[in-house]
Structures are given as structure tokens and as C-alpha cells.
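Working notes, structure below.
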Amino acid sequence: MRQPCIPLVLLTIYSLLLIETISHCGPTAVAMDASKNSTEKPNFIVIFCDDLGWGDLSCFGHPVIRTPNLDRMAAEGQRWTQFYVAAPVCTPSRAALMTGRYPIRNGMSSARGVLFPNSGGGLPQEEVTLAEMLKSNGYATGIVGKWHLGHLPKYLPQTQGFDEYFGIPYSNDMDKVAGPGYRAEVLKDAQYYPDSAHYNVPLMRGDQIIERPADQNTITQRYTDEAVAFIRKHQSQPFFLYLPHSMPHIPLFVSEDRRGKSLAGLYGDVIEEIDANVGRVLEALKECQIDERTLVVFSSDNGPWLSFDTHGGSAGPLRGGKGTTFEGGMRVPTIFRWPGKIASGVQPALGSTLDLMATFASLSGAELPGDRKLDSYDLSPVLLGGQGNPRTEMFYWTNAQLHAIRQGAWKLHVKMREPVNYGKEVALAAPELYHIERDVSERHNVAEKYPEVVSNLLERMEAHRADIEPHPDMLAIPLVESAKPQ
Ligand code: MG
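Using the working numbering, the letters of the sequence shown correspond one by one to residues 1 to 486.
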């Protein structure tokens with residue numbers, strides 16, 4: 001009698017355990033899956049300013065412009081002091097950020113095919129963008145702001161992986177239809193305030209123009225309204241939000257209640273308004289309780305437009321500005337913030353906007369395109385652990401010309417331009433070598449003292465050049481460049 005009972009008891013216990021296990025595992029398994037979506041794939045936000053100089057934020061040393069929100073972001077995150085863009089002007093710089101490739105590879109230049117508003121060009125469809133990569137990994141994708149990689153329907157952001165678009169599709173000084181010359185007015189009167197109606201730029205939602213001319217006085221605020229709405233709408237799924245502000249590219253505009261508030265004139269007012277609106281984005285993340293699963297990156301597309309006098313920014317101690325391959329043209333103020341994940345502090349490691357592609361792929365489990373050459377390094381070891389940076393060098397391209405290389409502490413120029421406003425090329429008798437850590441302002445050419453360093457760097461430049469297959473549009477650019485920067 002007893003023997004048959006034992007298996008029966010065991011079977012009963014087993015069945016009860018099974019029911020118990022199923023009843024707990026079911027919802028738990030679902031919850032784990034949900035948490036996988038929400039915690040294992042971080043959200044990414046890239047806030048990208050236009051022509052913001054390395055020295056324009058108080059956390060990067062500006063003496064009077066007040067940027068408390070960015071300062072707090074830097075204190076909570078990592079302030080990268082040696083972070084580079086891949087080109088010293090808007091369009092190619094943005095192409096590099098979007099693709100993780102030097103723009104020589106995809107034809108995006110300031111000289112050909114992308115001069116707006118009459119451009120017929122744009123980022124080739126064959127390129128794989130950050131947005132496309134993340135979208136295919138389950139991300140909601142949105143862009144709010146200046147696209148500048150093609151404004152014809154076939155080049156708009158929705159053709160490059162973005163679900164949603166709101167913004168001015170190119171630079172805010174294009175489509176000028178009336179009014180005095182901006183630079184002349186600024187030089188006459190530092191208090192000059194432009195008229196938004198003089199710039200017939202469109203404001204678009206999706207592929208439709210919803211306002212023209214766009215009222216640029218409120219553009220920073222309105223971009224942020226859209227960004228905050230995007231965050232709220234997509235708070236429960238992984239998202240990528242790209243927020244390229246139109247400011248502080250000239251003509252400068254600021255909300256009425258912020259005019260005259262900074263000690264640095266209209267330029268300072270504009271930066272302080274951007275700062276306040278970065279604060280609104282960070283606040284929205286807190287409210288949605290997604291602060292700790294969102295990596296926010298703040299940076300700029302190129303250095304300050306120095307020829308606009310007090311309406312242009314400052315590169316701090318760096319030489320030159322926008323349009324040049326000096327540090328002031330291509331080193332940009334950059335902050336990464338991800339509470340609870342990345343250690344806070346100053347980060348002097350080399351990095352580039354080129355690296356967002358590989359870094360975001362690594363952090364989200366997305367797959368990088370494997371059928372092409374990328375110039376992107378995964379910075380997550382530095383962000384998460386503070387060491388093991390795979391980026392050890394940077395190449396300074398401007399359109400089809402390779403001007404310089406940085407490797408470790410050394411920078412070698414084989415070409416250069418006058419340091420202000422996309423100046424004329426300067427004839428160099430011989431390559432110039434700078435120890436960029438001891439001489440951040442590129443003042444002391446030490447090529448004669450270190451001939452071996454010079455020859456090693458020249459060799460490395462040649463190897464890099466040999467690795468590049470230039471896009472045909474790039475080869476068509478005349479070697480003496482005269483195009484207006486964007
Ligand atoms: Mg720019």
C-alpha cells in the first residue's frame with residue numbers, strides 16, 4: 001500500500017511546485033523582459049550646438065557667461081576636454097557624427113553639393129546613420145533642430161532613420177531675403193539685433209513646411225518644447241533623440257525675456273538660453289524617472305565663428321576657430337552624463353563625435369554596419385571604467401584636404417589656413433609640429449627638435465590616406481577652396 005503512495009506524493013509535490021513555478025515565473029519573466037527593454041538599452045540624447053566655441057561655457061572656463069545647468073551636467077558627468085569633430089564646418093561635421101565616418105568617405109563637404117538653400121545634394125542613402133542603426137535595434141528615433149544633410153525630400157531625416165522631425169533643415173542665415181549685412185552691422189554696433197523676417201528659412205514638421213520664415217526669436221525654446229514632448233511620449237521605450245540647436249550660429253536670436261541678461265552681450269544671452277533649455281531636458285528625464293537609463297551628450301559641430309566679432313564665440317586658449325584645422329576649429333566642449341553609470345570628473349582622453357556610432361552600438365547591443373570602413377571607436381571603456389581608450393589619434397580633414405594629424409600628445413600640420421573665418425591657405429615651408437598637451441595654443445613649432453616624430457607622423461598620415469577611398473564628389477572640389485562656410 002505504501003509503495004504506490006510515494007510516487008503519488010512526489011508527483012503531487014512536483015505538480016504543486018510546477019504550478020507555483022509557473023505562476024511566479026510567468027509574470028516575473030515578462031517583467032524581466034520589460035526591464036531588459038527599459039534598462040539594458042539606454043536612451044541616447046545628443047544635444048548639438050552650432051558654432052559653440054570650446055571656451056563658451058562656464059564649466060570650460062568662460063569668465064562671465066553663466067551656464068549653471070551645463071555646469072551641473074558636467075559635475076554629475078564627464079567633461080571631455082580633448083574631444084574633436086571630424087570637420088571644422090557644419091555639414092561635414094554632422095555627416096561624421098551621423099555615420100561614424102570621415103566625410104571624405106561620404107562626399108559631405110562645405111564646397112560642393114550641399115550649399116543651401118539651392119543645394120541638390122545630401123547625405124547618400126547608402127550611408128548607415130546612427131538613427132538607422134538604433135531604429136533597427138528597437139529604438140524610437142527623433143530629431144529636433146538643424147539637419148543640414150539635405151533638404152530635398154529624398155534627403156530629409158525620415159529617409160535616414162528618424163521617425164520624427166521638427167526643425168529648420170539648414171543654417172539659419174541661409175535664405176536671406178532682406179536687411180543689412182550682418183557682419184557690417186555687428187562691427188558698427190555690438191548691440192545689433194537682427195530681424196528674423198530677413199531670413200526666409202523654413203520650419204518643418206516631417207516633410208512639411210509649417211512656418212516660413214521661421215520665427216527664430218523663440219527657436220531654442222520651441223526646439224526644447226518638442227524635445228521634451230518626445231521624451232515624455234517615448235519614456236517607456238528605448239529612444240534616440242538628436243537635438244541639434246540652430247544657435248549660436250549667426251544671426252543670433254534669443255527670447256525676448258532673455259535679451260540683455262548676460263554680461264557677454266547677445267552671444268552670452270543666446271548661450272545662457274541654450275543652457276536653461278538643456279536644464280529643461282534634464283528635468284524632463286527626472287520627471288519621467290528615466291534619468292538613470294539615459295545617456296546625454298552635449299557638444300558642438302565646430303569652433304566659434306570668429307569673424308563675427310562679439311557675435312562669435314570663443315575657443316578659450318585654443319588657436320583659431322571655425323573653418324580651420326587648428327584646435328579652436330575642431331576641438332569642442334563636450335559633456336557626457338549618465339547618472340549611476342559613468343564616473344564624474346574631467347576626462348582628458350581623446351574622443352570624437354565620430355565615436356558616438358561605435359559607443360552607442362556597444363552600449364545598446366546594436367550592430368555596427370560591417371560592410372564598410374568606419375572611423376568610430378567605442379568610448380564606453382573610458383565612460384564606464386576610466387581607462388583603456390581605443391582612440392589614440394585624430395585626423396584633421398577639411399573637405400578633400402588632410403591638414404593635420406594628432407597622435408597622443410603630438411600634432412603635425414602639413415597644411416593650415418589663416419586662423420580666422422575659413423581663411424586663405426598658408427604656405428608652409430615644412431610641416432609644423434606641436435606638443436599639443438604642453439602647448440595647447442599651438443604657438444611653438446618644435447619640428448626641428450623632433451625630426452623622428454615628424455617622419456613617423458608623416459608616415460602615419462600616408463597610411464591613413466591610403467586607407468581612404470574618397471567619395472567622387474570630394475575629388476571634384478578644387479584644391480584652392482573658396483567656398484563660404486556653413
Ligand atoms: Mg556650425
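Backbone N, C-alpha and C fix where the C-beta goes; we use that ideal spot for every residue, glycine too.
Query	Result
Let me confirm a value: Arg438 is counted as buried when at least 16 other C-beta atoms fall within 10 Å, else exposed. Which label applies?	exposed
Helix, strand or coil for Ser380? Go by DSSP, reduced to three states.	helix
Can you list, in chain order, every residue whose CB sits closer than 5 Å to a heavy atom of the ligand MG?	Asp50, Asp51, Cys90, Asp301 and Asn302
Suppose you measure from the CA of Ser314 to the CA of Pro124; what does that come to, to the nearest Å?	33 Å
Could you check what DSSP says for Thr159 in three-state terms: helix, strand or coil?	helix
Residues in the same chain with beta-carbon distance under 6 Å from Leu379, minus the five sequence neighbours each way, listed in chain order, please.	Gly351, Asp355 and Thr359
Go through its chain and collect everything with a Cβ distance to Glu418's Cβ below 7 Å, but skip five positions before and after it.	Lys424 and Val426
Going straight from the alpha carbon of Leu285 to that of Ala229, what length do you get?	11 Å
Can you list, in chain order, the stretches of the beta strand (DSSP E) that have 3 or more residues and sit fully within the segment 225 to 304?	239 to 244 and 294 to 300
Pick helix, strand or coil for Tyr223, following the three-state DSSP scheme.	helix
Ordered along the chain, which non-local residues of its own chain (more than five positions away) have a Cβ less than 6 Å from that of Pro117?	Met174 and Asp175
Going by C-alpha to C-alpha distance, which of Ala404, Trp397, Val454 and Met416 sits closest to Ala86?	Trp397
In the structure shown, what three-state DSSP assignment does Ile487 receive?	The requested residue 487 does not occur in the structure, where the chain is confined to residues 1 to 486.
Give me the residue from Asn399, Arg391 and Glu432 with the minimum Cα distance to Lys411.	Glu432
If you draw a straight line from the C-alpha of Tyr199 to the C-alpha of Arg79, how long is it?	35 Å
Going by the DSSP bridge assignment, what does Ala74 pair with across the sheet?	Bridge partners of Ala74: none, in fact.
Could you compute how far the alpha carbon of Ser300 sits from the alpha carbon of Ser93?	9 Å
Roughly how many whole angstroms lie between the Cα atoms of Val270 and Ala361?	33 Å
Mind checking Gly167: buried by the 16 CB within 10 Å criterion, or exposed?	buried
Can you give the Cα-Cα distance for Pro470 and Tyr377, rounded to whole angstroms?	20 Å
Considering only DSSP beta bridges, list what Met204 is partnered with.	Gly167 and Ile209
From which residue to which residue does the beta strand (DSSP E) around Gly345 run?	Gly345 to Ser352
For a test of the three-state rule: what should DSSP assign to Phe48, helix, strand or coil?	strand
Relative to the C-alpha of Glu283, which candidate in Ile468, Arg72 and Val201 has its C-alpha closest?	Arg72
Whose CA, out of Asn399, Pro381, Ala75 and Gly385, lies closest to the CA of Arg391?	Pro381
Just how far apart, CA to CA, sit Glu459 and Pro248?	38 Å
Report yes or no: do three or more beta-carbon pairs, one from the segment 206 to 224 and one from the segment 334 to 353, lie closer than 8 Å?	no
Measure the beta-carbon distance from Phe240 to Ala131 and round it to whole angstroms, keeping in mind my assumption that it falls under 8 Å.	6 Å
Would you say Asn43 and Gly279 are within 7 Å of each other, going by their C-beta atoms?	no
Can you tell me which of Arg319, Pro103, Pro238 and Gly145 puts its alpha carbon nearest to the alpha carbon of Ala366?	Pro238
Over the uninterrupted beta strand (DSSP E) stretch that includes His403, give me the two end residues.	Gln401 to Gln407
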